[in-house]
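Heads up: the protein sequence lines correspond to chains A and B, in order.
Numbering of the first sequence is given in full-length UniProt numbering, commencing with residue 1 and proceeding in unit increments.
Numbering of the second sequence is given in full-length UniProt numbering, commencing with residue 1 and proceeding in unit increments.
Here's the structure we're looking at; comments come further down.
There are 2 protein chains.
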Amino acid sequence: MNVLIVHAHPEPRSFNRALLDTAVRTLGEQGHQVVVSDLYAMGFNPVAGPDDFSERRFPDALQYDREQKQASQRGSFVPDIQQEIDKLLACDLLILQFPLWWFSVPAILKGWIDRVFVNGLVYGAGGKRFDQGGLRGRRAMLSFTTGCFPAMMDSDGLLGERDVILWHLQHGVFGYSGLQVLPPFVGWAIQYSDEAQRAAYLDAYAQRLRGIEGDSPMPAHPLSDFGPDWRLRPEVASRTAGHRRAAAAPTTRPDL
Amino acid sequence: MNVLIVHAHPEPRSFNRALLDTAVRTLGEQGHQVVVSDLYAMGFNPVAGPDDFSERRFPDALQYDREQKQASQRGSFVPDIQQEIDKLLACDLLILQFPLWWFSVPAILKGWIDRVFVNGLVYGAGGKRFDQGGLRGRRAMLSFTTGCFPAMMDSDGLLGERDVILWHLQHGVFGYSGLQVLPPFVGWAIQYSDEAQRAAYLDAYAQRLRGIEGDSPMPAHPLSDFGPDWRLRPEVASRTAGHRRAAAAPTTRPDL
C-alpha cells in the first residue's frame, strides 16, 4: 500500500511524534510505501484564500469552491496545494495523526483539509460523494491523543459519544470524500500516562498497523440508501435506529 | 449586552459578510455594544505554537495547554492572543459567523478557538467546565451558511443530523467552556439561492437578533448530572434516550 500520514503537532518530542515514528517504522517493515506530511515542519499555510489559485475564473469575488473546481480541471492550484493533492490521490490509506484539540483537529490540519480536499477531484463534479466520492477505493483512519478518559466519550459520558464527536471528520470529511473509515486509534489521557502506558500504546499501535490491511471499515450508508429527497429510504431507516446508531455501535469502545 | 462576533470569510462581498453587517446594524439599533473580530481582515494567525507565549514554563518541549495555564496566571500571552481573550471575556454573547467548510469552521476560525479558548481562563484551573466553565454566564451562537439543503441535515438525511454534525462545536467548544448555546442561524444552500431568498435570510436574521435576549438556550446537562465515573447518573440517563436526543430534539428543524 501507499500510505500518507498527515501529522499535526508543534512539538517534535511529543507523544504524537512517537506514534508517527512508530507508524513509519512499522508500515515500512510491512513493505508499504509511507509518505509523511509534517504540517508544522513544513510551515503549511492552513488559511484558504484567493492566492490558492494561479488563475481565477471569477476574479471579482472569491467563490472558493468554484475556483477549486476550475483549478481541478486546469491544474491551476498553487504548488503547496498541488503537492498535497498529488500525495492524497497516490495513497491507498490516509492516516491523520494529531492531538484532539477542542473536539477536532488542530487548525493547521483543518486547513490542510480545507485547501486539499478540493471540489472537482475529491467531491462534486457531477455528484462525487460518499461511495461515489473522488477518493473511493481508499481507506482512512484517525490516530489521535486526548486529554480525557475513555468513559467520557461513551454515549453516557461527559463529552458525548466518541463517534458523535468525530462525526464531522469520519462521516463528514472521510465519508463524504468516498474514503472507507477504519476505526480510530486513540491514545487516551496522555498527559496522565506514565512511561509504561505510553510504551503500551506504541506497541498496540504497531500491532494494529501490522494488521491494517485486514481491518474492516466502519459501516456506512451508500448513496443508494437515500431517496431523491436526500433522506434514508424508509426500508433502510427502519433498520437504523436512533442516530444511525447501527453504524456507530461497533466502534464505540476504546482501543485499549 | 456586549456582543463579540468572530467572522471568518475570505471574501468581503460574501453573503457571510452581509449577515455580519446585518448583525452589527441590528444589534447596534437595539442598543448593544458590538465588537467584531474579522479574522481574514486581521490576518489572524491560526497556528498554535511555541511563539504564543512571551515566557515559557517548560522551554524544553512544548506542552501547549500547560503553557496556556501558566500564561493565564501571568498574563504572558502574546498580544494577538491577549487581545482576543480580552474581547471574549468582555462579551455577554459570542457569535461565530462563517461558511460551513467540511462540516466545521474554516481553519482560521478553528485556530482562533485553539489559541484563544485557553486553559486556565476558559477551562481547567480546578475543574472549570460545562456549567462551571470559565465562560459561564455568557451565551453563544453559530451563524453559518451551507452548501446543502435542510433535509440533508435531518437525522435521516444524507449528511447526518445538524446537531450531531455541530456537536464538536456546540457541545464541545461552547458547552465545555460554560457558554449557554443558542440554536444556530443557518443560511441553507446559499450558492443556489436567488436575491429574494438572500434578502429573506437577512430579514430573518435581523428578526432573530432583535429578540436574541429572550432566546432560550439549548438543553444541556450540568456537571451534577454526571457521577464520579464521568457518566450520566442512572436516573438522568434513563430520561435521556439515545445520544442525548432529548437535548438535541428541540432544535433539529431548520430556521427558515
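Cβ coordinates follow ideal geometry from the N, Cα and C atoms, glycine included.
Along the stretch 89 to 113 of chain B, going in chain order, the ones with a CB nearer than 7 Å to a CB of chain A are W101, W102, F103, S104, P106, A107, I108, K110, G111, I113. Only residues of its own chain outside the window of five on either side were considered, and among them D52, R115, V116 have a CB closer than 7 Å to the CB of I81(B), listed in chain order.
Counted as a single uninterrupted DSSP element, the beta strand (DSSP E) harbouring A140(B) occupies residues 139 to 145. If you draw a straight line from the Cα of D60(B) to the Cα of E67(B), it is about 12 Å long.
Residue contact with chain B for I165(A): present (Cβ-Cβ distance below 9 Å to some residue of chain B). For the pair F77(A) and Y123(A), the Cα-to-Cα distance works out to about 16 Å.
In this structure, L158(A) places its C-beta atom within 9 Å of the C-beta atom of R231(B).
Interface criterion not met: the Cβ of A204(B) is under 9 Å from no Cβ in chain A.
Counting the other CB atoms within 10 Å of its CB gives L142(A) a total of 16 or more, which places it among the buried residues.
Taking the CA atoms as reference points, A71(B) sits about 35 Å from G31(B). Closest option to F44(A), judged by alpha-carbon separation, among Q63(A), V6(A), F58(A): V6(A). Residues L62 of the same chain have their beta carbon placed closer than 7 Å to that of P50(B), with the five preceding and five following residues left out of the count. Taking 9 Å as the threshold, the shortest C-beta distance from S72(B) to chain A does not fall below it. D225(A) and S238(A) have their C-alpha atoms some 12 Å from each other. Of all C-beta pairs linking the stretch 19 to 39 of chain A to the stretch 89 to 105 of chain A, three or more are shorter than 8 Å, placing the two stretches in contact. The closest CA to that of Y64(B), considering only R139(B), R233(B), G120(B), F130(B), is found on G120(B). Look at W230(B): its C-beta is under 9 Å from a C-beta on chain A. Checking the DSSP bridge columns, you'll see K128(B) partnered with G124(B). The stretch 180 to 193 of chain A makes contact with the stretch 135 to 153 of chain A; the number of CB pairs closer than 8 Å reaches 3 or more. Taking CB atoms only, G75(A) has no neighbour in chain B less than 9 Å away. Membership of G187(A) in the beta strand (DSSP E) is indicated by the continuous run 185 to 187. Note on Y192(B): under 16 other CB atoms within 10 angstroms of its CB, so exposed under the neighbour-count rule. For F58(A), the closest of V181(B), L223(B), P217(B), R13(B) by C-alpha to C-alpha distance is R13(B).
Rounded to the nearest angstrom, the gap between the Cα atoms of S37(A) and V236(A) is 39 Å. Nearest to V47(A) by C-alpha distance, out of P79(A), I113(A), H9(A), T22(A), is I113(A). Q82(A) is outside the set of residues whose beta carbon lies under 9 Å from a beta carbon in chain B.
The beta carbon of L209(A) sits closer than 7 Å to the beta carbons of A23, T26, L27 from its chain, once the five residues preceding and following it are set aside; these are given in chain order. With its beta carbon less than 9 Å from one in chain A, Y176(B) belongs to the interface. G178(A) is a Cβ neighbour of K128(A), given a cutoff of 9 Å.
The beta carbon of R56(B) lies closer than 7 Å to those of E67 in the same chain, with the five residues before and after it left out. Taken in chain order, the complete beta strand (DSSP E) segments of 3 or more residues contained in the stretch 175 to 216 of chain A are 185 to 187. Residue range 2 to 7 is occupied by the beta strand (DSSP E) that includes V3(A).
Here the alpha carbon of G133(B) sits roughly 29 Å from the alpha carbon of G160(B).
For the 9 Å CB-CB criterion, N2(B) and Q97(B) do not form a contact. As DSSP reads the structure, S72(B) sits in no beta bridge. About 5 Å separates the beta carbons of F149(A) and A189(A), which is inside the 8 Å limit, making them a contact pair.
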